[in-house]
Every structure is written in C-alpha cells, then in structure tokens.
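**Student:**
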Amino acid sequence: MSTTTSGNESPSRLKPGELKELAETTASPCVSILMPTHRSGPQTQQGAIRFKNQFAKAKQLLEEGGHDCSILDPIESLSTNLEFWQHCGEGLAIYLTADHCRLVQLPSSVDEHVCVGDSFFLLPLVGQQDADQSFFVLSLTWDEAKLYRSRDGKLELVETESLPAKFHDLVLPRDPEESLQNTSHRNSINNAGPSTAMFHGHGEGEDKINADRDQYLSLVGEQVSGAMYNLGIPLVIAATTEVAGHFESTTDCTADAKVEGSPSQWTDKELHDRVQDVVAKQLTKDNADQVERFGTAVAQSKGSCDISEITEAAETGRVDTVMLSSEIATSDRVSADQANAVLCQTLQHGGEVFCCPADQVPFDSGIAAVFRY
Numbered sequence: 155m156s157t158t159t160s161g162n163e164s165p166s167r168l169k170p171g172e173l174k175e176l177a178e179t180t181a182s183p184c185v186s187i188l189m190p191t192h193r194s195g196p197q198t199q200q201g202a203i204r205f206k207n208q209f210a211k212a213k214q215l216l217e218e219g220g221h222d223c224s225i226l227d228p229i230e231s232l233s234t235n236l237e238f239w240q241h242c243g244e245g246l247a248i249y250l251t252a253d254h255c256r257l258v259q260l261p262s263s264v265d266e267h268v269c270v271g272d273s274f275f276l277l278p279l280v281g282q283q284d285a286d287q288s289f290f291v292l293s294l295t296w297d298e299a300k301l302y303r304s305r306d307g308k309l310e311l312v313e314t315e316s317l318p319a320k321f322h323d324l325v326l327p328r329d330p331e332e333s334l335q336n337t338s339h340r341n342s343i344n345n346a347g348p349s350t351a352m353f354h355g356h357g358e359g360e361d362k363i364n365a366d367r368d369q370y371l372s373l374v375g376e377q378v379s380g381a382m383y384n385l386g387i388p389l390v391i392a393a394t395t396e397v398a399g400h401f402e403s404t405t406d407c408t409a410d411a412k413v414e415g416s417p418s419q420w421t422d423k424e425l426h427d428r429v430q431d432v433v434a435k436q437l438t439k440d441n442a443d444q445v446e447r448f449g450t451a452v453a454q455s456k457g458s459c460d461i462s463e464i465t466e467a468a469e470t471g472r473v474d475t476v477m478l479s480s481e482i483a484t485s486d487r488v489s490a491d492q493a494n495a496v497l498c499q500t501l502q503h504g505g506e507v508f509c510c511p512a513d514q515v516p517f518d519s520g521i522a523a524v525f526r527y
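Every number in the numbering used here is 154 more than the matching position in the sequence shown, counting from 1.
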C-alpha cells in the first residue's frame, strides 16, 4: 500500500491493482474514513469541518478499542489545511494503519463512514471504479492522429513524443524516382523496442500509398501503446470503419469500443459526446452480459445469491467473481460489513469484484457470486 507521511499531500485516484492491495492489508487496527467532498467553490471548505467530526469519531473508536491514537497523526493537520480541500474531487477515502496512510480521491460522492477493524472498508470503492470512467480516445484519419484522455467529464489532449501529428509529420514525402527499398525504423519511444519496417516504392503507385499508410499507422500505434502502457485504461477509437480496421490489423492496439465516422468533421465537444454515448452503451451491454453469466451460474448451482453461501465460499477461496448492487450498502438483506468481508476475501484470493446498477441486478439480495468449483 502507498505511504503518505503527512496531511500536506494531495489525494490521488486508485491505480490498477491498488484495490486488491488495500484488500490484502490486514492489521490491528485498520482505520477507514470516507466522506463526501466538493470539487470547487466555497463548499470545499466544508470538507475541513466534516473531516474534523470524522477525525473525532475515529479517535473515539480507537480509544474504545484500546488502540494507540497516534495512528491518526499523519492526517491530523488536514482539519486546518484549507488548500488540501481544493483537490479532493467529489469524495475522499482515508485508509490508515500504524505504518501506512493512503488518501484516495473519489470521482463521485460517498456517504460518511468511519470504522476501525482488522481490514479496510472498501465497499464504496467498487462502484467508484466505474464512476471514474477514464479512457483514452484515439481520433484517427488518414491525414491526422490525436490522442485524448477522457476523465471527470472532460476530454483532454494527450501529447506524446510524436502526437498529435499530421500524416506527413510521421511519413516524410519521398522522391518519386526512389527505387523500392526496405529500411528499418527504430521505435520512437525511448529508442527501444522492435524496429518497424519502412517500405519505399516506385512513384505514386498503390503499393507506395499502402506502405506509407502502414508506416503511419504503425508509428501512431507505437505512440498510443507507450501512452497507455501499464495503466489498464480502455481505448476508444474514433475513425471510419476502414481506418479503424487497418489500424487494428497493423498495430498491437485493440479498441474496447469504437465511434464510427470521420472525427475530422466533428468539434471536440461532438467527439466527446459521441464517445460518451458509445461508452455508456458498451458498459450497459457488459453489465447485461455479466448478469446473464451470474444468472446461469446460479441456476446451474455453480454460483449463489445467498450471502451465507457466498461468505463461506469467499473465505475458502472458491469465489471467482462477485457482483454487487450499486445500492448494496443500504440493503436490508445484506449488511455492509458482510458485503465488505466478501469483497476483501474475494480479492485476497485473486477473484474479481464488480458493481452493477441496482436496477439491472435480478437478485433480491443485491449480491451474487460465480464459484470456481
């Protein structure tokens, strides 16, 4: 788990795999503090007041449990650090042990919650992963390539070593009399990686055009791969069917979703609106596919929607995937502590957990699991 030594550091988003790291943290005590915050405006200062109350509650719980309250020392100054509350997004989660402190910026609001136990309260963070909806967008035509990142409802241009770029920024015009040759072009990212073939053909023939296009797409692909490396963030390609098809067949990049059409004809807002629409539809489809998978597993006794069975299976590492309703924390069928325990046990044993909108979950319990065996 990441370490924060003082309350002067700004909170940051969860990184891929970090939820599992938090779930694997077991200590006595583990302190969890969750609270809504405000992104901007005078209301941001309410965060300091709310935090002061949460801090007092955490201190009381520690004292009642006979624990050393010095575990709270790294965050005590937050109540007077007004600058800190300008950078908290819509919500804040604080996780503390005697050795570590993690401040998590949340993309959407959460209910206030303070607890002290042997593990962290991570239940609200599962839905936050989908709420973040951060993804890369490649706007691609035969003439130009731009890479964006969509986050917090905004589309921001990503600048790499070579992008954004026009076609002839990446593929230099050549001598029409140049004879066919095959040279090697070293990957432009840190001058490392495999070389990319550059084909130069006779005149203005079709072979030359295709070779130049392949070179162009390969170089774009290298830049996109470099920007996305190890981030675990989806890629949306905005391009015509022809361009997108050539790009995927020429590079190692695969689109998680596609916006069909020529982005050169759209404003940035139109591009973002189209992308948001496609992503929302894809997410709905993915949720429907998962719900069907869970329904089949339960019907075939390869899964369950009974919290007692799921809890026992999670403790023994039998759970492959858990589906949680977005309203599980307020369910009268399953307690938040029960759901959180299943979440942590599942992640500890290498399983997966995802959150589904409550109106798409067909199980009254608000929770279901697919078993490994």
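Yeah, the Cβ is synthetic: ideal placement off N, Cα and C, and Gly gets one too.
Which of the three DSSP states, helix, strand or coil, is assigned to HIS267?
**Tutor:** Strand at HIS267.
**Student:** Which one or two residues does DSSP pair with GLU310 in a beta bridge?
**Tutor:** Answer is ARG303, bridged to GLU310.
**Student:** Look up VAL390 in the DSSP assignment and give the residues it is bridged to.
**Tutor:** Bridge partners of VAL390: VAL291 and ALA411.
**Student:** For GLY281, which three-state DSSP category applies?
**Tutor:** GLY281 falls in the helix class under three-state DSSP.
**Student:** Where do the ends of the alpha helix (DSSP H) carrying SER379 lie?
**Tutor:** Where SER379 is concerned, the enclosing alpha helix (DSSP H) stretches over 360-382.
**Student:** According to DSSP, what are the bridge partners of GLN319?
**Tutor:** Before going on, a small fix: residue 319 reads as Ala here, not Gln. Answer is ALA299.
**Student:** Under a Cβ-count criterion, where at least 16 other Cβ atoms within 10 Å of its own Cβ denotes burial, should ASP406 be classed as buried or exposed?
**Tutor:** ASP406 comes out exposed.
**Student:** Please report the distance separating the alpha-carbon of LYS320 from that of LEU294.
**Tutor:** When rounded, the distance between both Cα atoms is 10 Å.
**Student:** Near GLN199, which residues of its chain fall below 7 Å by C-beta distance, leaving aside the five closest residues on each side in sequence?
**Tutor:** Only LEU236 and TRP239 meet the Cβ criterion.
**Student:** Have a look at GLY449, ASN207, GLN259 and PHE274 and flag the residue whose alpha-carbon is nearest the alpha-carbon of THR234.
**Tutor:** The shortest C-alpha separation from THR234 is found at ASN207.
**Student:** Among GLY399, GLY415, PRO417 and SER416, which residue has its Cα nearest to the Cα of ALA409?
**Tutor:** The shortest C-alpha separation from ALA409 is found at GLY399.
**Student:** Alpha carbon to alpha carbon, how far is ASP361 from VAL378? Give it in angstroms, no decimals.
**Tutor:** Cα to Cα, VAL378 sits roughly 26 Å from ASP361.
**Student:** Would ASP460 and ARG487 be called neighbours here (beta carbons separated by less than 8 Å)?
**Tutor:** No. Outside cutoff.
**Student:** What ranges does the beta strand (DSSP E) occupy inside the segment 212-256, keeping only unbroken runs of at least 3 residues that lie completely in it?
**Tutor:** Fully enclosed beta strand (DSSP E) runs of 3 or longer: 245-250.
**Student:** What span of residues does the alpha helix (DSSP H) with ILE464 cover, start to end?
**Tutor:** Looking at the DSSP string, the run of the alpha helix (DSSP H) that includes ILE464 is 461-469.
**Student:** Taking the DSSP output, what are the residues bridged to PRO190?
**Tutor:** Paired residue(s): GLY245.
**Student:** Nearest-angstrom Cα distance between ALA351 and PRO327?
**Tutor:** With a pLDDT of only 43 at ALA351, under 50, the local geometry of the prediction cannot be trusted, and the value read off the model is given with reservation. ALA351 and PRO327: Cα-Cα distance of roughly 16 Å.
**Student:** Spatial neighbours of VAL280 within its chain, please: C-beta separation below 8 Å, excluding the five flanking residues on both sides.
**Tutor:** Contacts found: LEU173, LEU478, LEU497, VAL507, PHE508 and CYS509.
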